[in-house]
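What follows is a set of notes on a single structure, which appears directly below.
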Amino acid sequence: MLYFHFVFAIVLWEFCALKAECRETCICLSQEIDGLRNPIHIEPAKNEGENVYFIGEQIGIIYLYNPKQSLGNKLTAYINVSDRIVLEKNAHDERGLLGFAVHPMFERNRKIYLYSVRTLNERQFAVISEITSGDVGTERQLLFIEQPGDIRNGGQLLFGNTDGYLYIFVGDGGPIHTKDIQAQNTSSLLGKVLRVNVDATEVIDNKLQFYVIPHDNPKHAEWRPEVFSVGFRNSWRCSQDAGKPSGEGKGRIFCGELGGDIADEVNIIEKGGNYGWPVKEGNTCTNVSAKCDTLDNERTPVLSIPHSDKGMQALVGGPLYRGRDVTSLDGKLILGDVFGGSLFTVGEVNGQWKTEPLPFCDKGTCSCTAREHMSSVLLSFGQTHEGEVLLLMTDDVSIHPGSDRGRVLRMHAPAFPNPVTCGASCLQPMTALLVIAGWLCAKWS
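Just so we're aligned: the sequence shown equals residues -22 to -1, 1 to 423 in mature numbering (1 follows the signal peptide of the UniProt record, and there is no 0).
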């Protein structure tokens, strides 16, 4: 009997060690929604007291998704501006509906804010607009930002979780092979982060403006009053730190920045900061200006990813993890590659930001419902109400009829002990002894 106890203790120790190791080193994926056309943003909200999600497609439709509804009726078209946007039916058009933000007081005011590319009098604009109760007839335009090209049009919107203001992330507008200085042009809104208060209005030059300037915006003498920070090429995507339980970190904004010839980067957005483009790219000076070493209020990226690095094609910014399922990711930023099929994390250690790969678990370590593979194209990230990570993906970025191969996937930690109906786990279930060990390990962890 003593020998049996000794063997059982060894097996239990090994099983728990492997359980912890697998939790630390890999993730699993479940499919939450499919049948979408280029899903570009998902956002949790409260609607009539229930936890729901709004999901936007590039073609100009925002759906209401209630997880409690039956499988046959999960998505309801809530806003449709497909007849107002500009978007061609090919795999290379970066325009259309590029983002939206649900007002923090949505249950009371029913307002959603859209970022879309539209044409007016044969000129092209990024339009920031407000729609109430899903009725496009209520649409009010807050800003028109003329676009010099068809790419790098920006698109991220978010409400600050500490100040309630709307942050607007504007690209430099292209065109593709130029390094236009607009991101450093203080009279232009291109290549900037803007911050406005949409809960008030004012009259400017005898015209009603559907926002006001926050009192603590930078107020640089040469900057437009909406400008919060400058020097961006195209931030895709940005997220906000929900903070630790103590409140530490809450409100920090992280952005993935798509570079040109040299590097992509990750930035923490700060008031009055200059993030360099096109004078600097990553940590490298370009040949655009002699002012590379003397940029006012320069902010350097927390991470620069040279394009010479193998495996990285185009960065997609993701959330800083504050969920409960994958505990090893707490406080780490989740990032991905548009085409590479890979994820990685960035974490701060003693003031330095370090990257680590985020591999996928072997199927045997995942629960029965979390054994999905990534699609070929990563479009964006999102989060659940609980802070778990969502991936917005597709296998077909064109928008022709039938191109509804977009999906929303959810990230999970591996499951232990593994369900008996679903194959092997990290440690093969050789005996009933191992099942008991797994049960005890789960109870103690």
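C-beta atoms are modelled at their ideal positions from N, C-alpha and C, and glycine is treated no differently.
All figures in this text were calculated on a predicted structure; none of them were measured in a lab.
Same chain, Cβ closer than 8 Å to residue i, neighbours up to 5 away in sequence not counted
i	result
Ala292	Leu236, Asp242, Asp315, Val316, Phe317
Arg101	Glu124
Gln160	Pro126, Asp150, Gly151, Ser166, Leu168, Gly169
Pro203	Ile191, Asn195, Lys197
Asn87	His81, Thr110
Ile240	Glu259, Gly260, Thr262, Thr264, Pro284, His285
Thr164	His198, Glu200, Trp201, Arg202, Val205, Val208
Residue i in three-state terms, based on DSSP
i	result
Cys(-1)	Residue placement at Cys(-1) is poorly supported in this model, since its pLDDT is 45, which falls under 50; the coordinates still yield a value, given next. Correct three-state label for Cys(-1): helix.
Gly342	helix
Val398	Note that Val398 scores 43 on pLDDT, short of 50, meaning its location in the model is unreliable; the coordinates nonetheless yield the value given after this. If DSSP states are grouped into helix, strand and coil, Val398 belongs with coil.
Thr305	helix
Asp271	helix
Phe188	coil
Arg86	helix
Ala241	strand
Ala55	strand
Gln36	coil
Pro407	Since pLDDT at Pro407 reaches only 43, below the 50 mark, its modelled position is unreliable, and the value read off the structure follows with that caveat. Note: Pro407 maps to coil in three-state DSSP.
Ala23	strand
Ala393	coil
Ile11	strand
Ile231	strand
Gln160	helix
Asn175	strand
Ala79	strand
Lys249	coil
Tyr299	coil
Neighbourhood of residue i by C-beta distance below 6 Å, restricted to the same chain and skipping five residues each side
i	result
Ile11	Val386
Asp374	Ser381, Arg383
Gly254	Gly209
Trp331	Val280, Leu281, Val324
Asn261	Ser282
Gly127	Gly151, Gly152, Pro153
Ala178	Val190
Ala79	Tyr91, Leu135, Leu136, Phe137
Glu(-2)	For Glu(-2), the pLDDT reaches just 45, beneath the cut-off of 50, and the residue's location in the model is therefore unreliable, leaving the point undetermined.
Asn44	Val30
Gly360	Ile20, Leu368
Presumed contact (8 Å Cβ cut-off) between residue i and residue j, rounded CB distance
i	j	result
Gly250	Ser207	6 Å
Leu313	Gln218	About 15 Å; that fails the 8 Å criterion.
Gly227	Gly138	With 8 Å as the limit, Gly227 and Gly138 do not qualify as a contact, their Cβ atoms being about 14 Å apart.
Cys346	Pro392	In fact, because the Cβ distance is near 12 Å, the residues do not count as touching under 8 Å.
residue 452	Pro297	Only positions -22 to 423 of the chain appear in the structure, and residue 452 is not among them; the question remains open.
Gly142	Cys233	20 Å between Cβ atoms; not a contact.
Cys6	Ala220	23 Å between Cβ atoms; not a contact.
Inter-residue spacing [alpha-carbon to alpha-carbon] between residue i and residue j
i	j	result
Leu98	Gln119	13 Å
Gly301	Gly365	4 Å
Leu121	Glu180	14 Å
Gly169	Leu357	21 Å
Lys222	Lys67	43 Å
Lys52	Glu28	14 Å
Gly132	Phe84	24 Å
Val280	Asp308	18 Å
Cys339	His351	10 Å
Gly329	Gln187	42 Å
Leu370	Ile37	15 Å
Ser306	Glu124	44 Å
Val398	Ser8	Model confidence at Val398 stands at a pLDDT of 43, short of 50, so the residue's coordinates are unreliable; what they give is reported in the following sentence. So the alpha carbons of these two residues sit roughly 19 Å apart.
Glu117	Asn58	11 Å
Ile231	Glu326	15 Å
Leu273	Asn252	7 Å
Cys14	Ser376	According to the sequence displayed, residue 14 carries Leu and not Cys. Cα to Cα, Leu14 sits roughly 12 Å from Ser376.
Ser320	Asp113	39 Å
Thr333	Gln47	39 Å
Asn184	Thr372	46 Å
Trp201	Ile39	34 Å
Asn275	Val174	21 Å
Asn245	Cys4	26 Å
Ser107	Leu172	14 Å
Glu26	Glu35	24 Å
Phe32	Tyr93	15 Å
Ser224	Pro22	23 Å
Ser267	Thr140	36 Å
Ile247	Thr362	23 Å
Contacts around residue i, its chain only, beta-carbon distance under 7 Å, and the 5 residues preceding and following it disregarded
i	result
Thr264	Lys157, Pro256, Val257, Lys258
Arg96	Arg62, Ile63, Val64, Phe103, Val105
Thr54	Tyr41, Leu42
Asp303	Glu366, His390, Ala391
Ser60	Ile37, Gly38, Ile39
Arg130	Gly149, Asp150, Gly151, Gly152, Arg211, Asn212
(request) Indicate whether the contact test is met: 3 or more Cβ pairs, each with one atom in the stretch 140 to 147 and one in the stretch 200 to 220, closer than 8 Å. (result) These segments touch.
(message) Any contact between the stretch 17 to 32 and the stretch 72 to 83? By contact I mean 3 or more CB pairs, one from each, below 8 Å.
(response) yes
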